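Reading through the structure tokens given below for one structure.
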Ligand code: GLU
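Numbering (my numbering), first residue to last: 32 to 321.
Structure (structure tokens):
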């Protein structure tokens, strides 16, 4: 039997905070308890905001917390060809199409057609209205050839027909509403999500699914803020022929006002706590692990 594999997948676009410490330590603890592999992945497709300095700080923070991970670390920015191949599979199957409307144009269209009542995705953003879905291929190929900016969008209705249903998953943690066990997928709630862009042949959703498959990840342990996105990931896995991992969504570490921590806050950054003299075991205690 192949060994189980867990991964922690931060984006090096800011300093890690207590929420990341909790996620990384929980991943490592669960991997150890299962006799599994523990991998680290740099989710740095946003090459404008991710920097080598943030990446180095992540290694320093995680090593200081006492974590050990397999080498080499996979960096998404070095694997655009893998995402391009997956995207091509979806394009060839007619399951994605290019949307040329800018965010502002989509917003204006929605404002003119019902505004605030427009359906929203699970993160609360207005659903893309799908108005470019039926553009003839000859037209969109010409527009792409002319260099117009666009984003590849999943035709979620066709994708769901192709997959026969919105695939669910085994949840060993819990979603924001306490969902656990056998969870039903609801990819349609996301509408025609962006799967890739003109300049970057991927998006978070596509890259995470391709990487989890290529790295043979069996267990995804991550924050419950990504619970609903799992419906999109499960659908992409089925469309691309990837085996689904087990999912464990964990609680988020909140600040004193009950808000999600953010990378821009200095006081909960692991590096700042370390500089202030806190030992690593204090961090584990602060996030409720010991
Ligand atoms: N890169 C994502 C983040 O930093 C995590 C992705 C995942 O674990 O699936 O929030």
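The beta carbon of each residue, even a glycine, is placed where N, CA and C say it ideally should be.
It should be emphasised that the depicted structure is a prediction, and the values quoted were computed from it without experimental measurement.
Status (buried if at least 16 other CB within 10 Å, exposed otherwise) for residue i
i	result
residue 73	buried
residue 68	buried
residue 63	exposed
residue 245	exposed
residue 197	buried
residue 170	exposed
residue 155	exposed
residue 320	exposed
residue 33	exposed
residue 38	buried
residue 87	exposed
Beta-bridge pairing of residue i - partner residues as DSSP gives them
i	result
residue 227	183
residue 202	212 and 278
residue 10	The chain is shown from 32 up to 321; residue 10 falls before or after that span and cannot be answered.
residue 128	184
residue 69	37
residue 157	151
residue 263	Bridge partners of residue 263: none, in fact.
residue 286	Note: residue 286 sits in no beta bridge, so no partner.
residue 106	73
residue 253	280
residue 291	285
Check whether residue i and residue j have beta carbons under 8 angstroms apart
i	j	result
residue 216	residue 279	no
residue 49	residue 231	no
residue 250	residue 277	yes
residue 254	residue 281	yes
residue 182	residue 130	yes
residue 240	residue 259	no
residue 104	residue 71	yes
residue 137	residue 153	no
residue 209	residue 202	no
residue 194	residue 271	no
Cβ of residue i within 8 angstroms of any chain B Cβ
i	result
residue 226	In the structure shown, chain B does not exist; there is a single protein chain.
| field | Pocket of ligand 1 (residues with CB nearer than 6 angstroms to any heavy atom), chain order | value | 40, 41, 42, 74, 239, 253 and 257
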